[in-house]
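Notes follow the structure.
Numbering (this note's numbering), first residue to last: 442 to 807.
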């Protein structure tokens, strides 16, 4: 197998279910090799990309299905539609599914693969920075319900992930900031300072961190919770703004909030809390709450978070020993910390914003 030049490989070590994450320019060309290794006789390619060359010829007969990308496409109805397409094409348990698109596409296609025939091989070709950094790796698949985000899902590890950085060349500015939200939060959970590195290395180091955590805690039994740093408020902001606030943007604001909440609880000092703001701002990400988002609505949404308990809100917070799960955080401290957050007067309660600085976000060499 001939590998493209200047690539990184991260191995997700899950024993017999382990798999490679290939990162760099042109790695999507490895798809036929992966399909051959799996032994699939045919594949279903589910793609949110309009350009046909986004997915190379897999080397076997293929069904091509157009994906509905975006949070509003993360529905059980779409999963059912995909599975019906797989069945009509005659996919068997020894065949495979290929996803090509952003994080919502890998979520939906991954869940369909997990359910079809009680599990069929899936190969992810993530095309957004967010999906390459985080969503395509680790085996979490899910769709949304009206009651909340990612409430129906399964753990289903891919057979391979091909993070082709050539796909990033055409990303709009807001998609870059969306992905950098996850990179910024990685700073505080063990990835180190990734500012100024080439984007392929930022992706590789973020993926390596996640792979090491998933290898030790595949199903969120404890350690894997630290990957949700900044996500409790982040998911709430997505829900309250009707998903107009993008995932990475919500995580960015949630990361700033996590630093301030940890300081309010005496877990870190003010300098460390300020570092959260500095890192997030460096990537051109939002650091403030939308102007007219209601705090009571945010608290209600956070109570639906999967980490919450019957006795209170739970957050992943920084500490001298590193990030840890902090249960039963007093609601009054959460509210007072939210009230002390800055408000973004350029962003309304729908999440819309005149982002004149979109083009000023950090860009690394692809």
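For every residue, glycine included, the Cβ atom is placed at its ideal position computed from N, Cα and C.
- A residue is called buried when at least 16 other Cβ atoms come within 10 angstroms of its Cβ; residue 529 does not meet this threshold and is exposed.
- The Cβ-Cβ distance between residue 500 and residue 476 falls below 8 Å.
- It is roughly 27 Å from the alpha-carbon of residue 652 to the alpha-carbon of residue 686.
- Segment contact: the segment 583-590 against the segment 660-673, fewer than three CB-CB distances shorter than 8 Å; contact not assigned.
- In this structure, the CA atom of residue 775 is about 20 Å from the CA atom of residue 716.
- For residue 521 and residue 557, the gap between their C-alpha atoms comes out near 9 Å.
- Within 10 angstroms of the beta-carbon of residue 733 lie fewer than 16 other beta-carbons, which makes it exposed.
- A direct Cα-to-Cα measurement between residue 576 and residue 680 gives close to 18 Å.
- Taking 8 Å as the cut-off, the beta carbon of residue 728 is found no closer than this to the beta carbon of residue 695.
- Per the Cβ contact rule, the segment 505-516 is not in contact with the segment 451-471 (fewer than 3 Cβ pairs under 8 Å).
- When Cβ pairs closer than 8 Å are counted between the two stretches, the segment 604-612 is seen not to touch the segment 473-488, the count staying below three.
- Inclusion of residue 603 and residue 566 in the CB contact set at 8 Å is warranted, their separation being smaller than that value.
- Counting every other CB atom within 10 Å of its CB across the protein chains shown gives residue 494 a total below 16, marking it as exposed.
- The straight-line gap separating the alpha-carbon atoms of residue 527 and residue 480 is approximately 17 Å.
- DSSP places residue 581 within a strand segment (E or B) once states are collapsed to three.
- Within the DSSP bridge table, the entry for residue 731 names 785 as partners.
- Pairing residue 543 with residue 459, the inter-Cα distance amounts to about 22 Å.
- Within the model, the alpha-carbon separation for residue 620 versus residue 635 is close to 13 Å.
- Non-local C-beta neighbours of residue 461 in its own chain, meaning closer than 8 Å and more than five positions away in sequence, comprise 450, 451, 452, 453, 601 and 602, ordered along the chain.
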